[in-house]
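Chains as they are written, first to last, in my numbering: chain U, 59 to 276; chain H, 59 to 276; chain P, 59 to 276; chain D, 59 to 276. Don't be surprised by glycine CBs; every beta carbon is placed ideally from N, CA and C. Every value quoted in this text rests on a predicted model; they were computed, and no experiment measured them. Worksheet: one structure, shown below.
Protein chains: 4
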Amino acid sequence: MGVQGKRVPRAVREQQMLDAAVATFARRGYRAASMDEIAEAAGVSKPLVYLYLNSKDELFTACIRREADALKAAVRAAVEPDAPADRQLWSGLLGFFEHTAAHPDGWTVLYSQARTVGEPFAAEVAVMRAEIVAFVTGLIAAAARDADCEAADQSLADREVAALAHALVGAAESLAGWNAGTTGPGRPSGKESAATLMNFAWSGLDNLMTGHRWTPSR
Amino acid sequence: MGVQGKRVPRAVREQQMLDAAVATFARRGYRAASMDEIAEAAGVSKPLVYLYLNSKDELFTACIRREADALKAAVRAAVEPDAPADRQLWSGLLGFFEHTAAHPDGWTVLYSQARTVGEPFAAEVAVMRAEIVAFVTGLIAAAARDADCEAADQSLADREVAALAHALVGAAESLAGWNAGTTGPGRPSGKESAATLMNFAWSGLDNLMTGHRWTPSR
Amino acid sequence: MGVQGKRVPRAVREQQMLDAAVATFARRGYRAASMDEIAEAAGVSKPLVYLYLNSKDELFTACIRREADALKAAVRAAVEPDAPADRQLWSGLLGFFEHTAAHPDGWTVLYSQARTVGEPFAAEVAVMRAEIVAFVTGLIAAAARDADCEAADQSLADREVAALAHALVGAAESLAGWNAGTTGPGRPSGKESAATLMNFAWSGLDNLMTGHRWTPSR
Amino acid sequence: MGVQGKRVPRAVREQQMLDAAVATFARRGYRAASMDEIAEAAGVSKPLVYLYLNSKDELFTACIRREADALKAAVRAAVEPDAPADRQLWSGLLGFFEHTAAHPDGWTVLYSQARTVGEPFAAEVAVMRAEIVAFVTGLIAAAARDADCEAADQSLADREVAALAHALVGAAESLAGWNAGTTGPGRPSGKESAATLMNFAWSGLDNLMTGHRWTPSR
DNA sequence: GATGAATGAGGATTCATTCAT
DNA sequence: AATGAATGAATCCTCATTCAT
Chain U
59 MGVQGKRVPR AVREQQMLDA AVATFARRGY RAASMDEIAE AAGVSKPLVY
109 LYLNSKDELF TACIRREADA LKAAVRAAVE PDAPADRQLW SGLLGFFEHT
159 AAHPDGWTVL YSQARTVGEP FAAEVAVMRA EIVAFVTGLI AAAARDADCE
209 AADQSLADRE VAALAHALVG AAESLAGWNA GTTGPGRPSG KESAATLMNF
259 AWSGLDNLMT GHRWTPSR
Chain H
59 MGVQGKRVPR AVREQQMLDA AVATFARRGY RAASMDEIAE AAGVSKPLVY
109 LYLNSKDELF TACIRREADA LKAAVRAAVE PDAPADRQLW SGLLGFFEHT
159 AAHPDGWTVL YSQARTVGEP FAAEVAVMRA EIVAFVTGLI AAAARDADCE
209 AADQSLADRE VAALAHALVG AAESLAGWNA GTTGPGRPSG KESAATLMNF
259 AWSGLDNLMT GHRWTPSR
Chain P
59 MGVQGKRVPR AVREQQMLDA AVATFARRGY RAASMDEIAE AAGVSKPLVY
109 LYLNSKDELF TACIRREADA LKAAVRAAVE PDAPADRQLW SGLLGFFEHT
159 AAHPDGWTVL YSQARTVGEP FAAEVAVMRA EIVAFVTGLI AAAARDADCE
209 AADQSLADRE VAALAHALVG AAESLAGWNA GTTGPGRPSG KESAATLMNF
259 AWSGLDNLMT GHRWTPSR
Chain D
59 MGVQGKRVPR AVREQQMLDA AVATFARRGY RAASMDEIAE AAGVSKPLVY
109 LYLNSKDELF TACIRREADA LKAAVRAAVE PDAPADRQLW SGLLGFFEHT
159 AAHPDGWTVL YSQARTVGEP FAAEVAVMRA EIVAFVTGLI AAAARDADCE
209 AADQSLADRE VAALAHALVG AAESLAGWNA GTTGPGRPSG KESAATLMNF
259 AWSGLDNLMT GHRWTPSR
């Protein structure tokens, strides 16, 4: 069945299987993707998939882990460690959008599929998300310190910095999700998406620093 | 099997079935939800579900339509038609968050499940989303006019108002999505979520009006 | 549902149901025809069909009986009792072909469906067939006596007259079956079909009378 | 579950499945035969039947094709190619009756079931039948030429030779059909059935050659 | 390292049939 | 005389998973 040569070393075969699985899970969803389909897409027989990855659940988990690690690595590799905080945030966002654009199936599996399938998997993604939120929170806080060293009520700001980070990550996910569903010339570039969000983050930060808010009773 | 009274008129039974279906689809996802489970949750036998709703696909579609209509109606009912635009936006957001908080299963079905299952269903949700984005775009544009009547470069603003509306809706969806996954005292109230987003919208609007932007080369 | 007036007397309703059932069974076969379909075709609700005809089996049996009786009656009505035997056979065949042509659904139910469904029903048709074969056997025997009064070995002829009758009936059925499957100008008229079979019967009879036979060792 | 050995190669298992399917379809009809029943009769599990034959429709089609091919092959193998035409017809008929007698289930599936189920299947059988009719037409025409080389009105004869062939095939089918329904000592041998039909064919041929016919107005 | 053969379990869908009105 | 409401019992089909080689 496999048109390609046989006797491929295990590590390589496993990556081929994960590639096939990610693509299939992204296109069909966890339940609708069949092990048959994945095995065929990987160019191997079904028992081999089981030999290496044990079960559909473990296969899906392996996909999630691989894609989550790759995404985190891409973001981490994108930030310049010694740059000013706003520059770090900017390059991190850029890394995020460029990676998700380059690996749309991975992003779909993480964002759309894993979170809708249910418990063992959603937790996995939640952990990754928490790490990213923490990372962004740190950057925003640093940026705030850089911008205004004599901030008065730091304790209040902490809580709101976290809210801002959450909102920023949520917005980034939403943008990436809609990007993944868009093809052709209308699709925003990573730079555009990142710039949009930097503007959000910065005006949000301004609001925080100046205590300038919209209120219903205005 | 059904513990409740029998011989219920069709219209009532259909709503019971849709209630059960929305809850089940939200918890399990489209594929994993079985018609057996739904019928049992509705307190009727499976053939009756088929008699009234025809197929799993049509049942799911009926759920999507009902929840989408309910959401649109809730938002529309929340806005005060003659209030100033910012007030309208605020009350619309409030209506949105209160409805999604009150009907988390409906929101999950619309936002998480329908969009990940594939084509006949995703399109249905896309239409609803487009209507909401258009509505929000109108409100933001009106608010911008109210705030600054002599705005110079309106044509540029139009394009960016639309981007802002998209981002606002995306952020609202993301927030509602994470709210739906959160229970207990940590869960933000509808008012909090709406206020957060109004601040986003307002600072975004400020950016638009003042031409004040963050750029990487800064 | 029923577009026609209500409160129809039972005897009439029953015939409407049988009409609908015969048409449906002919088109779909016994198993594939659903009681729903039949009730709808009859313009009544399903419980009414059950009220009058009790079960699908009994309904099918009633169809078979009605169509078998109608066919036998048509053949009997067609023969002129006091005519010479060959003339009687001819008019009987004509009656047979004209009736089956006028009631193709009835013929299909009897010939194609009832015999392939299995036991309670096939027996019903077998009885009808036996009656017809007996009737034809009598006519052929009479015709033979008319044609040649001093026939020598009557006992041998009896066995062969029966074989001829069987073959004639089988051929008639086969012809009617293929006629029922044919529509348009290519379809043979009842007269043509009857003439074809009379020629078969007559040459078969000749063979019997003259002892003139084809044998493999010739 | 299967009492026979396991790990049978695919080609063999497929034939076992077809054997079981032909027997089951013949006894119960297409609709009433369940895949469970067929799988059990084949001594395998249902999924294996689906793995090899894909669906009930395809399984039935495969049965029809196999039985049709076997029947055509049996007839072709029976005729002696260089014998006189009447001898060829005789041996073909003999082959037909012996094959249908040896494979009554196959004949039932072809003749009774496939034709009553509906369109994709009836067409398959119609093609086979057309091939057989063409073959017989050729033999009868040849026999006619052998018997009377100076036949005057060949064009008329052509049309009637075809009619005769049709009638002969119809009669053979009818005979084989009733044979298949008969068991025990009363069942005619293949030789008897073939001889009966040769006599039909020969007297029909005589009628054609001599212009000797029965007419109602006689 | 790799696969052809095989299955238990479950899911969508349909159908004959009944009951309360 | 007639029907809307309701269901138990199949039936077709798919899938994750294993075993022997």
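Asked	Found
In chain order, what residues of the stretch 226–237 of chain D put their CB closer than 7 Å to some CB of chain P?	Gly228, Ala229, Glu231, Ser232, Leu233, Trp236
Using a Cβ-Cβ distance cut-off of 8 Å, determine whether Gly262 (chain P) contacts chain D.	yes
Once you ignore the five residues that flank His224 (chain D) on each side, which residues in its own chain have a CB closer than 8 Å to its CB?	Val191
Would you call Gln171 (chain D) buried or exposed, if buried means 16 or more other Cβ atoms sit within 10 Å of its Cβ?	buried
In chain order, what residues of the stretch 247–259 of chain U put their CB closer than 9 Å to some CB of chain H?	Lys249, Ala252, Ala253, Thr254, Leu255, Met256, Asn257, Phe258, Ala259
Where Phe155 (chain D) and Lys130 (chain D) are concerned, what is the direct C-alpha to C-alpha distance, given to the nearest angstrom?	12 Å
Based on Cα-Cα distance, which residue from D:Ala181, D:Glu250, D:Ala202 lies nearest to Arg123 (chain D)?	D:Ala181
Rounded to the nearest angstrom, what separates Ala120 (chain H) and Thr174 (chain H) at their Cα positions?	17 Å
Output the residue ranges of the alpha helix (DSSP H) runs that lie fully inside the stretch 137–198 of chain D and measure 4 residues or longer, sorted by chain position.	143–160, 162–166, 172–175
Please say whether Leu222 (chain U) and Gly262 (chain U) have beta carbons closer to each other than 8 Å?	yes
Tell me which residues of the stretch 76–96 of chain P have at least one Cβ-Cβ distance to chain D shorter than 9 Å, keeping chain order.	Arg85, Arg86, Gly87, Tyr88, Arg89, Ala90
Return helix, strand or coil for Val70 (chain H), following the three-state DSSP convention.	helix
Would you identify the three-state DSSP class for Trp260 (chain U), choosing helix, strand or coil?	helix
With distances taken from CA atoms, which of U:Asp77, U:Arg86, U:His270, U:Leu76 is nearest Glu177 (chain H)?	U:Arg86
Do the CB positions of Ala97 (chain P) and Ala81 (chain P) come within less than 8 Å of each other?	no
Report the residue from D:Leu106, D:Phe179, D:Val185 whose alpha carbon sits nearest the alpha carbon of Asp115 (chain D).	D:Phe179
Along the stretch 151–176 of chain P, where does the CB come closer than 8 Å to a CB of chain D? Name the residues.	Ser170, Gln171, Arg173, Thr174, Val175, Gly176
Skipping 5 residues on each side, what residues in its chain have a beta carbon closer than 6 Å to that of Ala159 (chain U)?	Gly248
Any beta carbon of chain U sitting closer than 8 Å to that of Arg271 (chain H)?	yes
Name the chain U residues that come within less than 7 Å of Asn112 (chain H), Cβ to Cβ?	Within 7 Å Cβ-Cβ: nothing; Asn112 (chain H) doesn't reach chain U, min ~21 Å.
At least one CB of chain U closer than 8 Å to the CB of Ala181 (chain H): is that the case?	no
Below 8 Å, can you find three or more Cβ-Cβ pairs linking the stretch 183–201 of chain H to the stretch 101–114 of chain U?	no
Per DSSP, what kind of secondary structure is Gly87 (chain P) in: helix, strand or coil?	coil
Hey, is Ala277 (chain H)'s beta-carbon within less than 8 Å of any beta-carbon in chain U?	Nothing about residue 277 (chain H) can be read from this structure; chain H reaches only from 59 to 276.
How far does the alpha helix (DSSP H) with Lys104 (chain P) in it reach, from first residue to last?	104–111
Could you tell me the distance, in whole angstroms, from the CA atom of Leu151 (chain P) to the CA atom of Ala132 (chain D)?	35 Å
Buried or exposed, going by whether 16 or more other CB atoms sit within 10 Å of the CB of Ser113 (chain P)?	exposed
Check whether chain D comes within 8 Å of Ala223 (chain P), counting only Cβ atoms and requiring the distance to be less than that.	no
Give the straight-line distance between the Cα atoms of Ala188 (chain D) and Ser103 (chain H), rounded to the nearest whole angstrom.	50 Å
Is the CB-CB distance between Glu125 (chain H) and Val167 (chain H) below 8 Å?	yes
Using CA coordinates, which residue listed in D:Gly269, D:Arg271, D:Val227, D:Thr268 is at the minimum distance from Thr254 (chain D)?	D:Val227
Secondary structure at Ser92 (chain U), three-state DSSP: helix, strand or coil?	coil
How would you call Arg71 (chain D), buried or exposed, if buried means at least 16 neighbouring beta carbons within 10 angstroms?	buried
Express the C-alpha separation of Ala84 (chain P) and His157 (chain H) in angstroms, rounding to a whole number.	56 Å
Whose CA, out of P:Glu250, P:Ala91, P:Leu147, P:Asp163, lies closest to the CA of Ala128 (chain P)?	P:Asp163
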